[in-house]
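What follows is a single structure, written as structure tokens, with notes after it.
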């Protein structure tokens, strides 16, 4: 109740101030007519105060008016509606042929499309081995020198590059050490990791942690080579 009483009181004060300003303005205008130029500044000041009160009183209406103006400017024009109608007409399937029948009703077309795609996507066919061989025969092949380079021993430069490209806050191993650790001690870790990867590569083995985690950022290239070799 106190909030309501406060609002009512403030409203009455604003109305009273507005009435007093209106009376003062009328008085000043009468006096200005009798003595031109004497009360011009007072009239301008009084009008400014009235304008300020009116702006505050109708601020919500002004905002709503501007919003409606912006909404009207976003309304689709006749050209837009015409082009949208033409696009919808182009993309609409008016008729659909099913065997010797021509389907034009929406429910008939929908049923025919569902039946067709259900049959097409539901069939399970064995792969055509001969076709697969023909496709593989015409696909581009990697040159022998590049194959030898890719299948060669992992160099320290590759390990260094892998550590450098580690994403921040990433822990590449199960030890929980983040990328910042590997980057800080890369000079000491690179030779050790290179020997580890070379030993694993030569023995054609996966690291014990690889099967447990399935992800290791520092030896991603080595993992690709193990997959290629198997």
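Residue numbers (this note's numbering): 21 to 250.
Virtual Cβ for every residue (Gly too), placed ideally from N, Cα, C.
Because the structure is a prediction, the values reported are computed rather than measured.
Within its own chain, the residues whose Cβ lies closer than 8 Å to the Cβ of residue 133, once the five positions on either side in sequence are excluded, are 116, listed in chain order. If you draw a straight line from the Cα of residue 189 to the Cα of residue 218, it is about 27 Å long. The alpha carbon of residue 201 has as its nearest neighbour, out of 97, 107, 184, 152, the alpha carbon of 184. One Cα belongs to residue 33, the other to residue 104, and the distance between them is close to 55 Å. If you check the CB distance, residue 41 and residue 70 come in under 7 Å.
Proximity of the segment 165–173 to the segment 205–212 falls short of the contact definition, fewer than three beta-carbon pairs being nearer than 8 Å. In this structure residue 52 is in contact with residue 58, their Cβ atoms being roughly 7 Å apart against a cut-off of 8 Å. Straight-line spacing of the CA atoms in residue 123 and residue 94 works out to 39 Å. If you keep only unbroken beta strand (DSSP E) runs of at least 3 residues inside the segment 148–211, you get nothing at all.
Residue environment: residue 186 is assigned as buried (16 or more neighbouring CB atoms within 10 Å of its CB, all protein chains considered).
DSSP, reduced to helix, strand and coil, places residue 118 within a strand of the structure shown. Pairing residue 158 with residue 214 gives a Cβ-Cβ distance that is not under 7 Å.
Linking residue 151 to residue 145 through their CA atoms gives a straight-line distance of about 14 Å. Contact between residue 45 and residue 67 holds, since their C-beta atoms are separated by about 7 Å, short of 8 Å. With respect to residue 73, residue 38 sits close: the two C-beta atoms are nearer than 7 Å. Beta-bridge annotation (DSSP): residue 123 is paired with 116. With fewer than 16 other beta carbons inside 10 angstroms of its own, residue 61 counts as exposed. Between residue 198 and residue 206, the gap from beta carbon to beta carbon reaches 7 Å or more.
Within the same chain, Cβ atoms closer than 8 Å to the Cβ of residue 203 are found at 183, 184, 186, the five residues on either side in sequence being excluded. If the five residues before and after residue 175 are omitted, its C-beta is found closer than 8 Å to the C-beta atoms of 214, all from its own chain and listed in chain order. Boundaries of the alpha helix (DSSP H) around residue 100: 98–111.
Assignment of residue 31 by DSSP, reduced to helix, strand and coil, places it in the helix class.
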